[in-house]
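A short write-up of the structure that comes next.
Protein chains: 2
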Amino acid sequence: MSRDDGVPKTPPVRSRNPERTRAEILSVAVREFAEHGFHGARVERITKAAKCNARMIYHYFGGKEQLYLAVLDSVYAAIRNREGQLRFGTADPGLEARRLVEFTFDYFSENGDFLKLTRNENLLNGKYIKRSQMIRDMSQPFITAIGELVERGHASGQFARKPDPVQLYVTVVALSAHHLNNAATLGTVVGQDLTDPAWQAERRDHAVEVVLTYLGVETSE
Amino acid sequence: MSRDDGVPKTPPVRSRNPERTRAEILSVAVREFAEHGFHGARVERITKAAKCNARMIYHYFGGKEQLYLAVLDSVYAAIRNREGQLRFGTADPGLEARRLVEFTFDYFSENGDFLKLTRNENLLNGKYIKRSQMIRDMSQPFITAIGELVERGHASGQFARKPDPVQLYVTVVALSAHHLNNAATLGTVVGQDLTDPAWQAERRDHAVEVVLTYLGVETSE
DNA sequence: TAAATTAGTCAAAATATTTTTACTTAATTT
DNA sequence: AAATTAAGTAAAAATATTTTGACTAATTTA
Chain C
907 MSRDDGVPKT PPVRSRNPER TRAEILSVAV REFAEHGFHG ARVERITKAA KCNARMIYHY
967 FGGKEQLYLA VLDSVYAAIR NREGQLRFGT ADPGLEARRL VEFTFDYFSE NGDFLKLTRN
1027 ENLLNGKYIK RSQMIRDMSQ PFITAIGELV ERGHASGQFA RKPDPVQLYV TVVALSAHHL
1087 NNAATLGTVV GQDLTDPAWQ AERRDHAVEV VLTYLGVETS E
Chain P
907 MSRDDGVPKT PPVRSRNPER TRAEILSVAV REFAEHGFHG ARVERITKAA KCNARMIYHY
967 FGGKEQLYLA VLDSVYAAIR NREGQLRFGT ADPGLEARRL VEFTFDYFSE NGDFLKLTRN
1027 ENLLNGKYIK RSQMIRDMSQ PFITAIGELV ERGHASGQFA RKPDPVQLYV TVVALSAHHL
1087 NNAATLGTVV GQDLTDPAWQ AERRDHAVEV VLTYLGVETS E
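Now the structure itself:
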């Protein structure tokens, strides 16, 4: 048998890669905080999934709180970035209104972590989002764009109503998000599986119809 | 001066009142779980607010989890009870549709803990609500009543559309709840205070208008 | 290439949180 | 009114969770 008294087991050869490690921690943390919320999230689970040591979280981010903050910033940057690509102002207002609903609906549907993170952040009363000036600034343009869309649609006579842009935006988001945010409780209450893709497809049509009907836009039959 | 060496300080005279203590713990726990969620809730804070000892939670409920379960059941029983008082089926369908939106909107607005608790329960993926057969059973009748309302409204020609009752219900709830559930993040994004009563009054009108317009009911101007 | 820096490991300390044990006494029952 | 039961207290044990200290080695820089 081999003897290696005094000699501790060979330390595994580690490749060093700061960017990769940092990015990996952040990406894993998005999932962990989305899935369990701030209080439910476990530092240990993050390190295991990121195949690194707890010490690294303190090394790269400073602690659990700061990591959470970095996570928030990163997901808001992602959605605002995609919204920016919509480039409203050129096409038919009725079509653009439809695109607004469809984009919002699909983004939430495809990027589940975003809603889960905001749901938790609201549980915390916005404790952390309030600290982020960046998020505030990034969001301004989109609301403005919706205001201009309403303006154009109404001026052209295509929209029967001229709602407050913020109310319209909140409605679009509500119709696109509530069934995802509350799939578990609502699903139990109505006795249906709201996570079923078929259910969600039906929901999408419904959301579009509600918004376009409200605006008074002809929904092509 | 009085001497009482060896004698530990006089234990305060306690009145005993099982019902009151149990009820007090439950009521305080509703607030605590609503405010902080399951993981964020602290047994110690509950005992302090209920002016009792941690031991009592184990005595009356069995533990933190069982207490949370009791809290869930109690708030669902409360809302289903109030809904039952709506007694649909007698008045004008257009008016009843309006009453449905207004009731839902107002209930959420006035009973903040309900939405906060469901928000957290959804964060936990419905782990606990799924265990409660009672909640499932209580909810059935209300969905049925909405189905009948749609049926009547459509048959009488008053509703232009005949939407799926579940979709309609989810929409009503979404329009009534989303701005409350997400006041912190949405408020930051749109740069307005969604908790302001004036804002919420505007929201109420908007929600009613969206739903009635969708149904094709004349909204009296 | 020697020195400095930074990525990374391991284990334990510090903290926070829930749960239980052991006990006291008020209320209820026999 | 003695015996029993249940409400209540205090304190500490058990557990869970985050954070830090002390160290090792890979990479970069002078």
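These protein sequences, in sequence, are chains C and P. End of the first sequence sits at 1127 in my numbering; the numbers just go up one at a time, nothing left out. End of the second sequence sits at 1127 in my numbering; the numbers just go up one at a time, nothing left out. Idealized CB from N, CA, C, for every residue including glycine.
Taking CB atoms only, C/P1069 has a neighbour in chain P less than 8 Å away. The residues L1021 and R1025, in chain order, have a CB closer than 7 Å to that of P/N1087 in the same chain once the five nearest residues on each side in sequence are set aside. For P/K1036, a Cβ of chain C is located within less than 8 Å of the residue's own Cβ.
Within the segment 914-953 of chain P, the runs of alpha helix (DSSP H) at least 4 residues long that lie entirely inside it are, in chain order, 924-946. The beta carbons of C/E950 and C/A960 sit about 7 Å from each other, so the pair counts as a contact at 8 Å.
Judged by DSSP secondary structure, P/V1056 falls within the alpha helix (DSSP H) whose first and last residues are Q1039 to A1061.
Close partners of P/N1017 in chain C (Cβ separation under 7 Å) are lacking, with about 15 Å as the shortest Cβ gap.
In the three-state reduction of the DSSP assignment, P/V1076 falls in the helix class. Within chain P, no residue has its CB atom less than 7 Å from the CB of C/G1059, the nearest being about 15 Å off.
Interface with chain P (8 Å Cβ-Cβ cutoff): C/E938 is excluded. In this structure the segment 1049-1066 of chain P does not touch the segment 1106-1117 of chain P; the number of beta carbon pairs closer than 8 Å is below three. Counted as a single uninterrupted DSSP element, the alpha helix (DSSP H) harbouring P/E989 occupies residues K970 to G990. Within chain C, the residues placing a beta-carbon under 8 Å from that of P/Y1075 are V1096, ordered along the chain. Residue contact with chain C for P/E1108: present (Cβ-Cβ distance below 8 Å to some residue of chain C).
Between P/Y1013 and P/L978, the C-beta spacing is not below 8 Å. Judged by their CB atoms, P/R1110 and P/F1048 are not nearer to each other than the 8 Å cut-off. Counting along the chain, P/R1067 sits inside no alpha helix (DSSP H), nor does DSSP assign it H or E at all.
In this structure, the straight-line span from the alpha carbon of C/I1052 to that of C/P1069 is close to 10 Å.
Secondary structure of C/N1026 (DSSP, three-state): helix.
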